[in-house]
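**Q** Have a look at the structure that comes next, please.
There are 2 protein chains.
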Amino acid sequence: MSLIVKKFGGSSVANAERVFNVANRVIEDYKKGNDIVVVVSAQGDTTDDLIEKALEINPDGCSKRELDMLLSAGEQISISLLAMAIEKLGYPAVSLLGWQAGFKTDSNYSAARIKSVDPERIRAELDKKNIVVVAGFQGTNKFDDITTLGRGGSDTSAVAIAAAMNADLCQIYTDVDGVYTADPRIVKNAQKMNEISYEEMLELATLGAQVLNNRSVEMAKKYGIELEVLSSLEKKPGTIVKEYVSMEKMLIKGVAKDNNVSRISVVGLEDVPGVAFKLFNMLAAKKINIDIILQSVGRDGTKDITFTVPKDQRATTIDIINNAKQSLKFIDVFFDDNVSKISIVGAGMETHPGVAAKMFEALFDSDVNIQMISTSEIKISVLIDINDSEKAVNAVHSKFID
Amino acid sequence: MSLIVKKFGGSSVANAERVFNVANRVIEDYKKGNDIVVVVSAQGDTTDDLIEKALEINPDGCSKRELDMLLSAGEQISISLLAMAIEKLGYPAVSLLGWQAGFKTDSNYSAARIKSVDPERIRAELDKKNIVVVAGFQGTNKFDDITTLGRGGSDTSAVAIAAAMNADLCQIYTDVDGVYTADPRIVKNAQKMNEISYEEMLELATLGAQVLNNRSVEMAKKYGIELEVLSSLEKKPGTIVKEYVSMEKMLIKGVAKDNNVSRISVVGLEDVPGVAFKLFNMLAAKKINIDIILQSVGRDGTKDITFTVPKDQRATTIDIINNAKQSLKFIDVFFDDNVSKISIVGAGMETHPGVAAKMFEALFDSDVNIQMISTSEIKISVLIDINDSEKAVNAVHSKFID
């Protein structure tokens, strides 16, 4: 008998038919004698509908405390419906809200972090042989006010329960049937992986593979929870995300493309110590997510710094920099939204020289110009023109994986 | 400075425009320096929409625990939207769910009774000068599970808060602008009352005046909370419901009509002691609400018992009686759905002889036949043909009030 935590997203419970599909998937494993905790998100477009209601009241943005109160009603609806469906099929179920399931968070409304999960109530319900349906995405803070974990937070809810209860497996059901070596919509030879390490998954998630929420992978890694990414519709094994064990031969695990990136160049900065620190410290204070950074060699007493940010932070970043023109002392600042980041990910890369060269060769052969390069122990990323992105992903995938 | 509890129903917060209307009404009294607690129901048809979702999952009826979990999401949406609207207008507000506002109930899901209200959190928010918006209709039981008070329960929520906090006034905002001497849609000379006692209001509510939920009036009476029934749209004083003080002259407070009634006759019962007890004890065990009872004088060793029940309990009642034919020993049972109960209500009635005669005279003058009569200290009811009901209400109203 195992304890299995399962997470289903909003599209998996979008209507009564799909709710029953989820109920059946859950019951299947329950009938085998397993203890089952199911975490669900709000139905289909519920969250968007609720946000719409809030915007009608205040288009300028409501208080986040009240927004969290509003949005958390979405999961309340989906958990009760799923519990009803399980009961209708003849099996015992009980739904629990975030606070009932013991989720304690900080008070960062709309993007709260889980501080602890007290699984006492969940355990009591499992002992009564109930299938326990838990509202993802939500908890309460020290004031007993409702908080939400931010979009995609239901993955994190599932992993947090799995960690707190030392579950045997945490299954994340999605629209896709696993983690692929590249986006199957772009690369026709993309292959599904049976296994991938936390680190590789983290790099792929960061790079826009959008299969798993990043925070959930970080938490799974921290507590050693084995994740399985699998299809909510087809019944077949998915991809297991687990501890990196050892790696005889270097293996490129995937090629990812991220178009949600803008390149910003600050030109003509004084070539003195502390300039980069001053710039990035200022941006960090405003919570700007910096990715690739490139600094030119100083010449004529000035230097240029180029870096990338998510597209939706580009305008803010430019404002921050322009407002600091006096203290930063630079000549001009430019940006380019028409860029794409292509990355290869694979544990063991650092012990295999020539990987970067092989990637650059693939791009050169396809006539793709590289604007920036960034490397880590298990990742190599390049910034290229957005119009070349699909061509580049296919070229790199062919070189390493096909 | 007073503490005022205000309650707004679902139609009062049905859309963004109406939510702002409520926000403005609330702010008006807040600006005068009062502490304000607002209790709201779910928006317009939200409850019906949620019930529809549940029926899609299980047309045979879901578990009531899960139904309460589902339905309570309705108020969660409306309280957060109202708090957002108040904030948008520049005033501080905080929304609280039933459990956050300290509502403890029994475990009778879907029709729970309030056991206690711990107003600690509400008081703390008032101390911070917040307008406190509380979800009506809901609480939690001793298992920390969500319960609902049943339809109309938001009135009770408001009165319970007023009682727990010793509020100066509890205002119930409705579609009508107060309590009338008769239904203004039927009797064109119906007059709005400035004041009415709890007892009179209870009789009127029972009689189908449908202005206030009965449980809320009972609770207000028990704790001596002054209620005001007033319009959510028009700004004018409503009707105050309060302790019956003293009554110099007899005053008929209202004429009510109730068409939700069926007459049942059990014919040819043995004329021996204990027959009526056996019959009504059996019906009470099945929770049938008996109203007027009439027993014929025994003749030929048999007697007949006639009584009224709500229309939706008529079929069950007939079944119960037929199933007990052996033990009850009667000849036949009949029913009539085409009846209406007309009542006059007024404290002090018992000390003024001739009131009943005056009522019967009005009916006689209008050629209305009386089928049954029932009297209490502050009420006289008659059962008549349903086709005569409007004529009868007008005739009686003219006689006593016009």
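As they're listed, the protein sequences go chains A and B.
Position 19 of the first sequence, counted from 1, bears residue number 330 in this note's numbering, the numbering being contiguous throughout.
Position 145 of the second sequence, counted from 1, bears residue number 456 in this note's numbering, the numbering being contiguous throughout.
Just so you know, even glycine gets a beta-carbon here, dropped at the ideal spot from N, CA and C.
Every value quoted in this text rests on a predicted model; they were computed, and no experiment measured them.
Give the secondary structure of serine 418/A by DSSP, where H, G and I count as helix, E and B as strand, and everything else as coil.
**A** Shown here, serine 418/A sits in coil according to DSSP, grouped into three states, outside any helix or strand.
**Q** Buried or exposed: which applies to glycine 585/B, given that a residue is buried once 16 or more other Cβ atoms fall within 10 Å of its Cβ?
**A** exposed
**Q** For asparagine 680/A, tell me which candidate among Pro430/A, Asp582/A and Ile697/A has the shortest Cα-Cα distance.
**A** Ile697/A
**Q** Determine the extent of the beta strand (DSSP E) in which serine 256/A is found, giving its start and end residues.
**A** The question about residue 256/A has no answer here: the residues shown for chain A are numbered 312 through 713.
**Q** For chain A, find out if any of its Cβ atoms is closer than 9 Å to the Cβ of serine 465/B; answer yes or no.
**A** Not a single C-beta of chain A is nearer than 9 Å to the C-beta of serine 465/B.
**Q** Considering only residues of the same chain and omitting the five flanking positions on each side of aspartate 379/B, which have a CB-CB separation below 7 Å?
**A** Tyr420, Ser421, Ile457, Thr458 and Thr459
**Q** Mind pulling the chain B residues with CB within less than 7 Å of isoleucine 368/A?
**A** Ala327, Val330, Leu392, Met395, Ala396 and Lys399
**Q** When you check each C-beta in the stretch 370–384 of chain B against every C-beta of chain A, which residues fall closer than 9 Å?
**A** Asp371, Cys373, Ser374, Arg376, Glu377, Leu378, Asp379, Met380, Leu381, Leu382, Ser383 and Ala384
**Q** Nearest-angstrom Cα distance between tyrosine 402/A and serine 383/A?
**A** 26 Å
**Q** Please go through the same chain and pick out, in chain order, the residues whose beta-carbon is closer than 7 Å to the beta-carbon of glutamine 624/B, but skip the five residues on each side of it.
**A** Ile599 and Asn600
**Q** Roughly how many whole angstroms lie between the Cα atoms of alanine 587/A and serine 313/A?
**A** 52 Å
**Q** Less than 7 Å between C-beta atoms, sequence neighbours within five positions excluded: which residues of the same chain meet that for phenylalanine 331/A?
**A** Within the same chain, phenylalanine 331/A has close Cβ partners Ala396.
**Q** Can you grab the Cα-Cα spacing for the pair serine 418/A / lysine 453/A, in whole Å?
**A** Answer to the nearest angstrom: the Cα atoms are 8 Å apart.
**Q** Within the same chain, show all residues whose beta-carbon is closer than 7 Å to that of serine 322/B, passing over the 5 residues directly before and after it, in chain order.
**A** Gly355 and Asp486
**Q** Buried or exposed, going by whether 16 or more other CB atoms sit within 10 Å of the CB of glutamine 637/A?
**A** exposed
**Q** Since tyrosine 484/B is in the beta strand (DSSP E), which residue starts that stretch and which ends it?
**A** 480–485
**Q** Return helix, strand or coil for glutamate 601/B, following the three-state DSSP convention.
**A** In the sequence under discussion, the amino acid at residue 601/B is isoleucine, which differs from the glutamate named in the question. Isoleucine 601/B falls in the coil class under three-state DSSP.
**Q** Using 9 Å as the threshold, is the C-beta distance between lysine 640/A and glutamate 581/A below it?
**A** Their beta carbons are under 9 Å apart, which means lysine 640/A touches glutamate 581/A by this criterion.
**Q** Quick check: what's the CA-CA separation for proline 621/A versus valine 650/A?
**A** 11 Å
**Q** Fully enclosed by the stretch 374–433 of chain B, which alpha helix (DSSP H) runs are 4 residues long or longer?
**A** 375–382 and 384–399
**Q** Cutting at 6 Å between CB atoms, please list the residues of its own chain near leucine 605/A, excluding the five before and the five after it.
**A** Thr617 and Met683
**Q** So, using beta-carbon positions, are lysine 503/B and glycine 450/B closer together than 9 Å?
**A** no
**Q** Give the range of the alpha helix (DSSP H) segment to which glutamine 637/A is assigned.
**A** 636–639
**Q** Does DSSP put lysine 710/A in a helix, in a strand, or in coil?
**A** helix
**Q** Where DSSP assigns a beta bridge to methionine 683/B, which residues make up the other side?
**A** Leu694/B
**Q** Mind listing the chain B neighbours of glutamine 411/A? Cutoff is C-beta to C-beta under 8 Å, in chain order.
**A** Asp455 and Asp456
**Q** Note down, in chain order, every chain A residue with its Cβ under 8 Å from the Cβ of glutamine 387/B.
**A** Against glutamine 387/B, the close residues of chain A are Met380, Leu381, Ser383, Ala384 and Gln387, in the order they occur along the chain (beta-carbon pairs closer than 8 Å).
**Q** Between the alpha carbons of aspartate 714/A and valine 470/B, how many angstroms are there, rounded?
**A** Missing from the structure shown is residue 714/A; chain A here goes from 312 to 713 and no further.
**Q** According to DSSP, simplified to helix, strand and coil, what is glycine 585/B?
**A** coil
**Q** Please classify valine 428/B as buried or exposed, where buried requires at least 16 other C-beta atoms within 10 Å of its C-beta.
**A** buried
**Q** Pull up the distance between the alpha-carbon of serine 391/A and that of aspartate 360/B, whole angstroms please.
**A** The straight-line gap from Cα to Cα measures roughly 14 Å.
**Q** Find the residues of chain C that neighbour alanine 365/B, judging by a C-beta separation of less than 9 Å, and give them in chain order.
**A** The structure shown contains no chain C; its protein chains are A and B.
**Q** When the Cα of tyrosine 484/B is compared with those of Asp678/B, Leu400/B, Trp410/B and Glu545/B, which residue comes out closest?
**A** Glu545/B
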